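Shown next, in structure tokens, is the structure this report addresses.
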Amino acid sequence: MKFHGIIERRLKNVNQQENDWLSLMLSSGNMTKHQIIDECCAMFIAGSESTNILLAWTCVHLGINKMWQDKARDEIFEVLHKENRPLVEILGRLKILTMIINETLRLCPAVPFIMKHAQEDIKLGELTIPSGIDIEVPIISVHHEKTIWGENASQFDPSRFSEGISKASKHPMAFMPFMNGPRICLGMNFAMIEAKVTLAMILQNFDISISPKYKHVPVGGLTLKQGSGAPVIFRKI
Ligand code: HEM
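Heads up, the sequence shown is in this note's numbering, so the first residue is 19 and it goes up one at a time.
Following this line, the structure appears as structure tokens:
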């Protein structure tokens, strides 16, 4: 990581600060250099691998589900036309692409579970969680639960998101790829913009098919990776 050098350069040129998050931390006056590097590493790790994995899973699903790929491309051509770059202002009009990304995040959440630590005794309905207990929130299990998502819970069906996230399942909070509450993913909106821009540009230019070599072997850890890779074939259209 080159954060140390970047911070040193910024500190030497205090009059030429950028209008960004690093400058905000440097000018706060209450963070040590070590803490700032720590925050940069956390942001770098949280922000890069998760979005890469989301994009790879979406390409895999689009390569397998050609009908949804065609629907997404038709919408992209209608909203953006073939040659236009996807500008942030019009990404909100890509409804089908958003449904596809959400369905990918439901079936293959890039972050499959999250740990929480109870700092004090907490009462959750009938349940009392004593202080000091670690709790796993099994995001992927909630996303695959048939009593919440219906009998086709294990199938790729973006249409379940056609009325929005809160109506996609029997529980309005069941969709939690970025978790919920005060510690919800800081980069959620950025990740969705990144994914939509990238996929819109790919679909404007390429047909995606899944390689015959593909084996569906999701491997869960801190992130949910493609165990045997994500071999997809891009053909120029
Ligand atoms: C598909 C992409 C992503 C997924 C699925 C994802 C998922 C998550 C999840 C589940 C959490 C834990 C929230 C909690 O503990 O309640 C989290 C936290 C976080 N994410 Fe993301 N994330 C993604 C992309 C990003 C990006 C692009 C960034 C930064 C640019 C980012 C920055 C963070 C940060 C800083 C936290 C910690 C927030 C806190 O503790 O207050 N994430 N993310």
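Backbone N, C-alpha and C define an ideal beta-carbon position, used for all residues, glycine too. Note that the coordinates shown come from a computational prediction; the quantities given were computed from them, not determined experimentally.
Contact between residue 81 and residue 228 holds, since their C-beta atoms are separated by about 4 Å, short of 8 Å.
Counting only the Cα atoms, residue 200 lies some 21 Å from residue 59. Taken from the Cβ of residue 49, every heavy atom of the ligand HEM lies 7 Å or farther away. A distance of 8 Å or more separates the beta carbons of residue 71 and residue 217.
Residue pairing by DSSP places residue 152 opposite 135 in a beta bridge.
Runs of the beta strand (DSSP E) lying entirely within the region 172 to 252 and spanning at least 3 residues, in chain order: 224 to 228, 236 to 238, 242 to 244. If you draw a straight line from the Cα of residue 116 to the Cα of residue 208, it comes to about 14 Å. Approximately 13 Å separates the beta-carbon atoms of residue 236 and residue 129; this is outside 8 Å, ruling out the contact. Within its own chain, the residues whose Cβ lies closer than 7 Å to the Cβ of residue 83, once the five positions on either side in sequence are excluded, are 174, listed in chain order. Exclusion of the five residues before and after residue 79 leaves 122, 174 as the residues of its chain whose Cβ lies within less than 6 Å of its Cβ. Per DSSP, the continuous alpha helix (DSSP H) segment holding residue 116 begins and ends at 113 to 125. For residue 50, the three-state secondary structure derived from DSSP is coil. Residue 166 and residue 98 have their C-alpha atoms some 35 Å from each other. Between residue 127 and residue 157, the C-beta gap is smaller than 8 Å, which places the two residues in contact. Bounds of the beta strand (DSSP E) holding residue 145 are 145 to 147. By alpha-carbon distance to residue 219, the top candidate from 181, 120, 77, 248 is 77. Residue 119 places its beta carbon less than 8 Å from that of residue 214.
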